[in-house]
Amino acid sequence: MASNALGDCQACRRPLGVRVFSFDRHIEQYRYRDNESIDGEVLEAETLSRYCSAECAWSGVLHWLGQRGIKYSGGSAGPIAICGKCGQPLDMTKPHVAYTLQEELLHHKPGYDEAEVLMAEGVADTCIQCGGAGCEEEQAETRTERPAACVP
Ligand SMILES: [Zn+2]
Ligand SMILES: [Zn+2]
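And the structure:
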């Protein structure tokens with residue numbers, strides 16, 4: 372169905388319209404200049420789920436975080452934050468994982484959809500071991516040493 376390319380709301384299963392709430396995971400690192408401006412460099416971006424409303428989004432996001440033992444923090448601009456999972460200090464100038472919730476309005480253009488970001492909110496930050504390759508899903512492929520935080 373072309374009119375429903377984004378699928379259904381992850382929480383209530385209603386088909387998504389042109390206004391969607393997108394829960395994203397970014398791997399990013401910041402550069403601080405003069406303590407005033409922050410350059411954020413996004414190394415990797417992935418949409419984890421989409422929702423039809425703020426209510427669905429927050430219930431879905433908090434459930435998702437709860438399942439993974441990540442604390443909601445509202446995000447941080449650093450330069451030092453605390454990992455929402457293992458509680459270690461997080462150097463934001465190094466690659467780290469930022470979870471954000473964005474409200475987007477989709478404009479249908481010929482051939483593609485343009486997403487206008489209406490609102491973006493930080494949800495949580497974690498270190499790369501806790502949120503990067505994923506302790507659960509991708510662990511089988513990871514031959515490197517398992518970070519202590521991933522041990523149940
Ligand atoms: Zn919904
Ligand atoms: Zn961590």
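If you read the sequence shown in the numbering used here, its first letter stands for residue 372, the second for the next number, and so on. All C-beta atoms, glycine included, are put in the ideal place defined by N, C-alpha and C. Please read these numbers as outputs of a predicted model, since none were measured by experiment.
- Closer than 6 Å to some heavy atom of ligand 2: that does not describe the Cβ of Q400.
- With distances taken between CA atoms, L414 lies nearest to P466 out of C423, P466, G493, Q459.
- Relative to ligand 2, the nearest heavy atom lies less than 6 Å away from the CB of C454.
- Taken from the Cβ of T497, at least one heavy atom of ligand 2 lies inside 6 Å.
- Inter-residue distance for M463 and F394 is about 20 Å (C-alpha atoms, whole angstroms).
- Segment contact: the region 426-434 against the region 445-458, fewer than three CB-CB distances shorter than 8 Å; contact not assigned.
- Around the beta carbon of G411, fewer than 16 other beta carbons lie within 10 angstroms, which makes this residue exposed.
- Its chain contains F392, L489, M490 as the residues whose beta carbon lies nearer than 6 Å to that of E474, once the 5 sequence neighbours on both sides are disregarded; these appear in chain order.
- Look at V468 here: in three-state DSSP terms it is strand.
- If you look at S393, you'll find it in the beta strand (DSSP E) that goes 390-404.
- In its chain, beyond the 5 residues on either side, V389, D484, A486 have a beta carbon closer than 6 Å to the beta carbon of L477.
- Scanning its chain for C-beta atoms nearer than 7 Å, with the 5 sequence neighbours on each side dropped, one finds around A416 the residues D395, H397, in chain order.
- Taking the CA atoms as reference points, A469 sits about 23 Å from D405.
- Taking the Cα of A495 as reference, the smallest distance to any Cα among E426, T471, R439 is reached at T471.
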